[in-house]
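Colleague: Numbers given in the working numbering equal positions in the sequence shown, counted from 1, plus 140.
Even for Gly, the Cβ is constructed at its ideal location relative to N, Cα and C.
Dumping the structure here so I can ask a few things about it.
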Amino acid sequence: GTRELVVELDTSRKRVEWFYNYRVVKIGDVIPIPSGTLHALGPGVEVVEPQIPGPTQSLEDGETYPVRYCFPGYERPGVEKMLDIDRVAEMSPVFTEESLPEIIKSENGCVVERLPGKFEDKGLEVHRIIMEPGAVLEITDILSFHTIVSVEGEAKIITKDSEYPVPKARQNGEMLIIPASSGPYGIIAEDSAQIIDTFTPVKMNRTG
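See the structure below:
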């Protein structure tokens, strides 16, 4: 009957979603993607990704992850690379397990989280800063440059010399780079905000 058909369809849907590790995401969600795994983004999803240049990642891509590949026979505007279907056996069979951020600080309307993804293996530290309206966060332990972008809400950066709005993460947008020489700085939330802060957690060696 109709009820049995609905139950069967729902069971089949759940099996397909389990097989593909289907995830519903919202603004600010963090989902580490193991290297070598096949992954895809659904409609309306944009990704803020730390800039780790490599064979498939260029610093020219900007702060959002572009769609660089398409299936043969299904070309897309601006996409120049085709998926190598014949090389599918080289993909990693790893099943992605959910990882939770580590809370580093939670006070005065600010929560600072260290994001999962083993970025430290690549010499990076990635923090998400969640701020209530009017909250102020002082960043004092400056060991390297910081790259700042907002995924939600409005905020501004206060340095010893100037004041800057935190740019929004968007396609072909910009990030705010704060050099280590600027010294300590503050972040002020103008409304509820989520900010991604990427930096090198050790002093960078100088040459020359």
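How would you write the range of the beta strand (DSSP E) that K166 sits in, first residue to last?
Modeller: Annotation: K166 is outside any beta strand (DSSP E) and is labelled neither H nor E by DSSP.
Colleague: Just checking my contact of V306 with V289 at CB under 8 angstroms: how many whole Å lie between their CB atoms?
Modeller: 7 angstroms
Colleague: Between T280 and P341, what straight-line distance do the alpha-carbon atoms span, to the nearest angstrom?
Modeller: Taking the straight line joining both Cα atoms gives about 13 angstroms.
Colleague: What residue does the alpha helix (DSSP H) around R143 start on, and which one ends it?
Modeller: T142 to F159
Colleague: My output table needs one value for K245: the three-state DSSP class, helix, strand or coil.
Modeller: Reduced to three states, the DSSP call for K245 is strand.
Colleague: For I298, which residues from the same chain have a beta carbon less than 7 angstroms from its beta carbon, with the 5 sequence-adjacent residues on both sides left out?
Modeller: Y325, G326 and I328
Colleague: Distance check for M271 and A295, CA to CA, integer angstroms please.
Modeller: 9 angstroms
Colleague: When you compare each of H179, G141, K308 and W158 to T135 by their alpha carbons, which one comes out closest?
Modeller: There is no way to answer for residue 135, as the model of the chain reaches only from 141 to 348.
Colleague: Are E242 and E253 touching if we call contact CB-CB under 8 angstroms?
Modeller: The answer is yes: Cβ separation under 8 angstroms.
Colleague: What residue range is occupied by the uninterrupted beta strand (DSSP E) comprising L277?
Modeller: Residues V276 to I279.
Colleague: Between which two residues does the beta strand (DSSP E) holding E338 run?
Modeller: The sequence shown places Thr at residue 338, rather than the Glu named in the question. Segment A333 to F339, the beta strand (DSSP E) holding T338.
Colleague: Given P172, which residues of its chain have a CB within under 6 angstroms of its CB, disregarding the five upstream and five downstream residues?
Modeller: S239, P256 and G257
Colleague: Report the CB separation of V185 from I336 in whole angstroms; it is logged as a contact under 8 angstroms.
Modeller: Not really, about 16 angstroms apart at Cβ, beyond 8 angstroms.
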